[in-house]
Amino acid sequence: MRDSHLVEWTVVVEKVSVCGYPDLVDGNGRFKEERMLELNLEGKVALVTGGSEGIGKGVAWKLAEEGCSVAICARRDDVLQAAAQEIRDATDGAVLAVQADVTKAEDIDRFVSTAIETYGGVDILVNNAGRSAGFPFEDATDEIWLEDFDLKFWAAVRGSRSALPSMKERGGGSIINVTHPGGKAPGGGSVPTSISRAAGIAFTKALSHDCASYGIRVNTVCLTNIKTAQGVRAWEGSGSDLSYDAWCEEQGKDIPLGRLGEASEVGDLVAFLVSERAGFITGASVNIDGGTSHVV
């Protein structure tokens, strides 16, 4: 009589083969676990805006860890250079740091062109630069609106426009726009951030259609409740007697998963989405918020 476990394995292997992944099992019908986890990002060139701290740094770190040659940019050169060196030391990866203000079109073009000159092209672009800016409508001046759109929406538009020719030349690529679940269901006191993020989500879907025929995938990661440098500054300015870790623990109590997320977890998600393992995913919006959002 055949062992029931062997029957189960046979069925699974047949399903894997049908799905076009016979390389995931060995000659004995056992899963090659290491193959399932490989993202095959070695040798790819990845650009991350706002990469000096917080989420951007976490994403750049993960991509360098996976074998990408990484370029990061930010406004504050001292913080940027320190982050680049920290990532190099931890990952042994190639990390290019370019001081740039992504609200300026010429700075974005210089960032992308410097990365291309250094690494030979672009495979991955993560439009991450941004900060929270939520106000009641009547408190948000034209200046606040324009600054927010320049930083979050126009920076993504211009960065994508600058990187796309290289991606086309290389036969494909991946763009990730970092947005917010509030762009899907804006609440009170959330302008202009919720509106600029809604524009970013719509931009992602539109661009995904225009780029698909070139093998370029475009997705958005909608995040909130993540530990960031902005959160550290909020803790410092709160006057709380709690340590930072205790403060974060308190902040996480109302989140369904019971904690704040880590920048490294955003990096894990982004690395998957830009990899060949997500090769049939484009125009998608993925929440990473600990279950807080009421929209998918």
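Each residue of the sequence shown is one higher than the one before, starting from 937 at the first, in our numbering. We treat Cβ as the ideally placed atom computed from N, Cα and C, and that holds for glycine.
One alpha carbon belongs to R1153, the other to V1093, and they sit about 15 Å apart. Sorting C1158, A1207, K1141 by C-alpha distance to the C-alpha of T1218 places K1141 at the top. When DSSP states are grouped into helix, strand and coil, I1162 belongs to the strand group. F1089 is positioned such that its CB atom lies closer than 9 Å to that of S1132. Considering only L1193, T1160, R1067, the residue with the shortest C-alpha distance to Q1166 is R1067.
Scanning its chain for C-beta atoms nearer than 8 Å, with the 5 sequence neighbours on each side dropped, one finds around G1197 the residues L1159, N1161, I1162, K1163, I1224, D1225, G1226, in chain order.
The secondary-structure analysis by DSSP pairs P1128 across a beta bridge with G1070. For V1114, the uninterrupted beta strand (DSSP E) segment begins and ends at 1109-1115. For L1196, no pairing in a beta bridge is given by DSSP. The alpha-carbon of I1023 is positioned some 6 Å away from that of W997. Pairing D1146 with A1007, the inter-Cα distance amounts to about 25 Å. Here A1020 is near A1033, since their CB atoms are less than 9 Å apart. The residues L999, C1004, V1006, I1060, in chain order, have a CB closer than 6 Å to that of A982 in the same chain once the five nearest residues on each side in sequence are set aside. Looking at S1049, V1062, D1025, the one whose alpha-carbon comes closest to that of G987 is V1062. Just so you know, the alpha carbons of N964 and E978 end up roughly 28 Å apart.
In this structure, V1114 sits near I991, with a CB-CB distance shorter than 9 Å. In the structure shown, the three-state DSSP call for L1178 is coil. Here DSSP, grouped into helix, strand and coil, assigns A1007 to strand. DSSP, read as helix, strand or coil, puts I1191 in coil. Of L1100, I1111, G1203, G1188, the smallest CA-CA separation from E989 is found for G1203. Annotation for I1217: no beta strand (DSSP E) segment contains it, and DSSP assigns it neither H nor E.
Counting every other CB atom within 10 Å of its CB across the protein chains shown gives H1230 a total below 16, marking it as exposed. One alpha carbon belongs to I1052, the other to V1157, and they sit about 25 Å apart. Of the residues F1085, V995, Q1035, the one whose Cα lies closest to the Cα of D1013 is Q1035.
Across the set A1138, S1098, V1058, the C-alpha of V1058 shows the shortest separation from the C-alpha of S1110.
Around the CB of K980, 16 or more other CB atoms lie within 10 Å, so the residue is classed as buried.
Note on geometry: alpha-carbon atoms of S1144 and N1155 lie some 7 Å from one another.
Taking the Cα positions, Y1180 is about 26 Å away from T985. A straight-line Cα-Cα distance of about 11 Å links A1214 and A1220.
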